Amino acid sequence: MHINNNTPAWLASINCCFQRYNSTSLFHLTIRSIVLGLILLPVGLANAETKLHKWVKPYKPVSQEEIKQQMPFYPSRTTTNGQTLTPEMFEPAEVCKGCHSEIYQQWEKSVMAHSWEDPIYRALFKRASAATDAKVDNFCIACHSPIGMTSMNATAATLDENDDDLPGVNCEVCHNIRGITGNDNGAYILSPNREKHIKVGPRNDANSPYHKTEFSDLQTKSEFCSVCHNVSHPFNSTPIERTYDEWQESAYNEQGVQCQDCHMTPGPGQNANPGKSAIMGKEREHIFSHEFTGGNSTLHQYFNDHDSAELAREMLRSAATIEFVELSETLSPGQLATVKVKVANVGAGHKLPTGFPEGREVWVDFSVNTPTNRQIYRSGAVVDGHTESGTRNFKVTLGDANGNVVDLNVWEVDRVLSDTRILPNGYSIVEYTFLVPDDIDGEITLNATLNYWPFSQQLVDELLGKDKLTVDIVEMTSVSAKVSVAKEESKKIATIKKLVVLKLLLEMYK
Ligand code: HEC
Ligand code: HEC
Ligand code: HEC
Ligand code: HEC
Ligand code: HEC
Numbered sequence: 212m213h214i215n216n217n218t219p220a221w222l223a224s225i226n227c228c229f230q231r232y233n234s235t236s237l238f239h240l241t242i243r244s245i246v247l248g249l250i251l252l253p254v255g256l257a258n259a260e261t262k263l264h265k266w267v268k269p270y271k272p273v274s275q276e277e278i279k280q281q282m283p284f285y286p287s288r289t290t291t292n293g294q295t296l297t298p299e300m301f302e303p304a305e306v307c308k309g310c311h312s313e314i315y316q317q318w319e320k321s322v323m324a325h326s327w328e329d330p331i332y333r334a335l336f337k338r339a340s341a342a343t344d345a346k347v348d349n350f351c352i353a354c355h356s357p358i359g360m361t362s363m364n365a366t367a368a369t370l371d372e373n374d375d376d377l378p379g380v381n382c383e384v385c386h387n388i389r390g391i392t393g394n395d396n397g398a399y400i401l402s403p404n405r406e407k408h409i410k411v412g413p414r415n416d417a418n419s420p421y422h423k424t425e426f427s428d429l430q431t432k433s434e435f436c437s438v439c440h441n442v443s444h445p446f447n448s449t450p451i452e453r454t455y456d457e458w459q460e461s462a463y464n465e466q467g468v469q470c471q472d473c474h475m476t477p478g479p480g481q482n483a484n485p486g487k488s489a490i491m492g493k494e495r496e497h498i499f500s501h502e503f504t505g506g507n508s509t510l511h512q513y514f515n516d517h518d519s520a521e522l523a524r525e526m527l528r529s530a531a532t533i534e535f536v537e538l539s540e541t542l543s544p545g546q547l548a549t550v551k552v553k554v555a556n557v558g559a560g561h562k563l564p565t566g567f568p569e570g571r572e573v574w575v576d577f578s579v580n581t582p583t584n585r586q587i588y589r590s591g592a593v594v595d596g597h598t599e600s601g602t603r604n605f606k607v608t609l610g611d612a613n614g615n616v617v618d619l620n621v622w623e624v625d626r627v628l629s630d631t632r633i634l635p636n637g638y639s640i641v642e643y644t645f646l647v648p649d650d651i652d653g654e655i656t657l658n659a660t661l662n663y664w665p666f667s668q669q670l671v672d673e674l675l676g677k678d679k680l681t682v683d684i685v686e687m688t689s690v691s692a693k694v695s696v697a698k699e700e701s702k703k704i705a706t707i708k709k710l711v712v713l714k715l716l717l718e719m720y721k
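Using my numbering, you'd call the opening residue of the sequence shown number 212 and step up by one each time.
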């Protein structure tokens with residue numbers, strides 16, 4: 212169910228309570244949908260009318276001047292409610308730490324806290340800026356350092372001035388976002404209110420001695436994350452990252468399971484997190500935590516944060532299952548055998564994997580071994596820093612205007628060449644065919660391991676140079692099985708025996 216910005220606060224707060232305490236119960240969710248659906252019907256109809264009008268007559272800016280006014284940070288879609296922002300309008304995260312110490316400690320370790328200092332980001336950003344005469348600077352910075360872009364005139368040159376400490380996605384970014392104007396490319400409205408000292412948040416009964424608080428339904432919804440977790444090419448609109456869209460089209464959306472419900476809990480499957488969000492705050496049944504754990508264990512390792520790296524691995528392990536399907540009980544020596552492996556996305560509320568398309572890759576490493584541990588087949592090894600050719604992987608491949616693969620220079624992207632990633636609640640079956648050697652007698656072992664990396668070692672070595680950063684390959688899940696290899700001779704005898712038994716049985720019933 213979608214509650215939009217025109218929903219009265221009292222109604223939204225009802226939704227909020229249901230969300231908080233009953234979100235694990237499908238039954239309640241359904242009741243909620245029906246009851247609120249009925250109440251909302253008239254509101255919805257009125258909205259549909261104005262929305263329809265918008266589509267019949269879409270508005271387009273006519274002049275350069277107007278574009279400048281509507282997109283002051285072109286080519287990103289960021290706006291500020293007409294305000295001119297200065298760095299003094301934002302407070303450093305350390306100020307919040309005083310009272311929100313736990314939340315601060317969680318956030319500090321998150322990937323989003325590192326979104327500007329991330330070495331992979333920096334290296335690619337520099338290349339992108341150089342290749343486009345800085346035309347993409349505002350685009351990248353809109354999501355990787357919103358405060359840097361809107362209040363500090365940050366550019367790629369800022370990196371060279373050794374100004375290492377532009378803020379990443381911090382408290383003051385998220386808790387000063389007052390609305391959105393779309394669902395991608397940084398379409399947030401960043402509008403701090405220093406005079407009244409307001410922080411927007413998910414509660415309508417929050418009371419702070421330091422700042423005022425304002426309830427915002429948006430903060431509790433996936434749409435809030437969409438502005439940065441949907442990336443389109445700024446000039447040709449090719450979809451590059453679509454995490455929000457993937458979620459939006461999934462059953463998780465229909466069931467009201469938001470990004471926050473999976474990424475703002477202490478870990479996968481942990482739905483209750485009672486406590487306080489501030490030292491003098493109210494005791495609450497559930498506090499939204501701020502680790503924002505995803506899959507990028509490599510980046511956490513790089514920052515020497517082994518706990519967060521382990522959390523990311525746990526998140527990945529909760530996302531998928533692997534099994535053999537239609538496996539035959541015996542195989543014949545000297546013959547071709549076919550094995551099918553099924554991989555299912557059971558835990559991610561979007562495609563598996565999602566996000567940064569040049570890097571994110573999930574693949575099956577499949578091998579077959581003899582009773583004496585001799586390898587007779589393998590597919591999915593890492594060779595020269597990338598998965599070997601023929602690997603069955605789940606990944607997006609982007610292409611340029613001539614249809615050539617783009618694996619790094621994302622600004623050259625013009626189309627999606629292929630997308631083998633697994634849909635939320637979906638699965639994929641991959642097949643292997645190999646020759647069973649003549650000389651085997653006994654059982655062979657089949658192993659299939661599902662691996663993940665956020666980017667290949669090859670990509671890192673090219674961006675940063677050799678030995679600067681080691682990619683952490685995460686084993687998400689695995690399965691193994693033994694299959695007996697029976698010589699044709701003995702098989703024939705077995706078949707003859709079966710036939711004899713069958714004939715006897717038939718005769719008995721005559
Ligand atoms: C002097 C202590 C103190 C400081 C400093 C402080 N806060 Fe708070 N804040 C609180 C208290 C108390 C609450 C209410 C908690 C509750 O009701 O559960 C709160 C609530 C909030 C909320 C929730 C609002 C809502 O509507 O749900 C947000 C967001 C927030 N603070 C952001 C910040 C940010 C960002 C900073 C740093 C710039 C900050 N706070 C600094 C004490 C503080
Ligand atoms: C049902 C739970 C669930 C929901 C809902 C969900 N996620 Fe995830 N998310 C996961 C899991 C599990 C992973 C780890 C597996 C993976 O990388 O896909 C993950 C990974 C990620 C990653 C890291 C991707 C990578 O491979 O590095 C990002 C970014 C992310 N989620 C953002 C979002 C956003 C934004 C939303 C809402 C639009 C969302 N998630 C909704 C469970 C969820
Ligand atoms: C990426 C965006 C983001 C960042 C960064 C962020 N927050 Fe939040 N915060 C949220 C969202 C979204 C919620 C509400 C989640 C919900 O209700 O579904 C929230 C909730 C809160 C709450 C209320 C928690 C509760 O359950 O009552 C407080 C307090 C808070 N944030 C403070 C902070 C502080 C302090 C920082 C920095 C150390 C910070 N936030 C950084 C997005 C963010
Ligand atoms: C202002 C932009 C912005 C907003 C809003 C935002 N994100 Fe992010 N998020 C980013 C950026 C940028 C990164 C990647 C940083 C990097 O890898 O250097 C990121 C990374 C992440 C990751 C880690 C991915 C990984 O590979 O491990 C998760 C999980 C995530 N965000 C979840 C969320 C959720 C959930 C919300 C909404 C509550 C949200 N984000 C809102 C910009 C944003
Ligand atoms: C609309 C918001 C947005 C824009 C614009 C954007 N990014 Fe990102 N970027 C993200 C998010 C969100 C992630 C994390 C996705 C994930 O975890 O898979 C990310 C991840 C990355 C990563 C992977 C980092 C890592 O450690 O794995 C790199 C590199 C990167 N971005 C570079 C860029 C460059 C260069 C630009 C400009 C050409 C750019 N981004 C523009 C939101 C954005």
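For each residue, glycine too, the CB sits at the ideal point set by N, CA and C. Note that the coordinates shown come from a computational prediction; the quantities given were computed from them, not determined experimentally.
query                                                                                                                                    : result
Straight-line gap, arginine 632 to tyrosine 643 (C-alpha atoms, nearest Å)                                                               : 19 Å
Contacts around glutamate 460, its chain only, beta-carbon distance under 7 Å, and the 5 residues preceding and following it disregarded : none
Bridge partners - threonine 541, DSSP secondary structure assignment                                                                     : Ser695
Classification of serine 578 by the beta-carbon crowding that lies within 10 angstroms, buried from 16 upward                            : buried
Cross-strand partners of histidine 597 (DSSP beta bridge)                                                                                : Val594
Cβ separation of lysine 693 and threonine 656, assumed to be a contact under 8 Å, to the nearest whole Å                                 : 5 Å
Beta carbon nearer than 5 Å to a non-hydrogen atom of ligand 1                                                                           : Glu302, Val306, Cys307, Gly309, Cys310, Cys382, His386, Lys410, Gly412, Pro413, Arg414, Ala417, Ser419, Tyr421, Thr424, Ser488, Ala489, Met491, Gly492, Lys493
Coarse secondary structure for aspartate 611, derived from DSSP in three states                                                          : coil
Per-residue burial, methionine 491 [other beta carbons within 10 Å of its own, 16 or more giving buried]                                 : exposed
Own chain residues within Cβ distance below 7 Å of alanine 353, not counting five before or after                                        : Phe284, Ser287, Thr289, Met360, Gly397
Three-state secondary structure assigned by DSSP to lysine 551                                                                           : strand
Three-state class that DSSP yields for asparagine 349 in the structure shown                                                             : helix
Short Cβ contact (8 Å threshold) for threonine 504 with alanine 531                                                                      : no
Closer than 7 Å: valine 550 CB and nearest ligand 5 heavy atom                                                                           : no
Ligand 2 heavy atom lying under 7 Å from the CB of asparagine 507                                                                        : yes
CA-to-CA distance, valine 347 to lysine 279, given in whole angstroms                                                                    : 16 Å
Reduced DSSP category for tryptophan 327 - H, G, I as helix; E, B as strand; rest coil                                                   : coil
Alanine 304 - containing alpha helix (DSSP H), residue span                                                                              : 304-308
Check: histidine 597 C-beta below 7 Å from any heavy atom of ligand 4                                                                    : no
Check: histidine 517 C-beta below 7 Å from any heavy atom of ligand 4                                                                    : no
Proline 665 Cβ short of 7 Å to ligand 2 heavy atom set                                                                                   : yes
Enclosing alpha helix (DSSP H) for proline 564 [first to last residue]                                                                   : That residue, proline 564, is in no alpha helix (DSSP H); it is neither H nor E in DSSP.
Paired residues, beta bridge with threonine 424 - DSSP                                                                                   : Lys410
Under 8 Å between C-beta atoms of threonine 366 and leucine 377                                                                          : no
Start and end residues, alpha helix (DSSP H) containing aspartate 516                                                                    : Segment: none, aspartate 516 is in no alpha helix (DSSP H) and carries neither H nor E.
Alpha-carbon to alpha-carbon, asparagine 394 and cysteine 439                                                                            : 8 Å
Cβ-Cβ separation, valine 575 to valine 594 (assumed contact under 8 Å), whole Å                                                          : With 8 Å as the limit, valine 594 and valine 575 do not qualify as a contact, their Cβ atoms being about 15 Å apart.
Cα-Cα separation between glutamine 275 and phenylalanine 446, rounded to whole angstroms                                                 : 16 Å
Euclidean distance between Cα positions of isoleucine 391 and threonine 297                                                              : 21 Å
Cβ-heavy atom distance, glutamate 452 to ligand 5, below 7 Å                                                                             : yes
Start-to-end residues for the beta strand (DSSP E) that takes in alanine 659                                                             : 653-664
Beta-bridge partners of glutamine 586, as assigned by DSSP                                                                               : Asn580
Beta-carbon proximity check, lysine 717 vs leucine 646, cutoff 8 Å                                                                       : In the sequence under discussion, the amino acid at residue 717 is leucine, which differs from the lysine named in the question. Going by C-beta atoms, leucine 717 is not nearer than 8 Å to leucine 646.
Reduced DSSP category for aspartate 395 - H, G, I as helix; E, B as strand; rest coil                                                    : coil
Cβ pair count under 8 Å reaching 3, the segment 311-319 against the segment 501-518                                                      : yes
contact_flag[the segment 466-473, the segment 426-433] where n(CB pairs < 8 Å) is 3 or more                                              : yes
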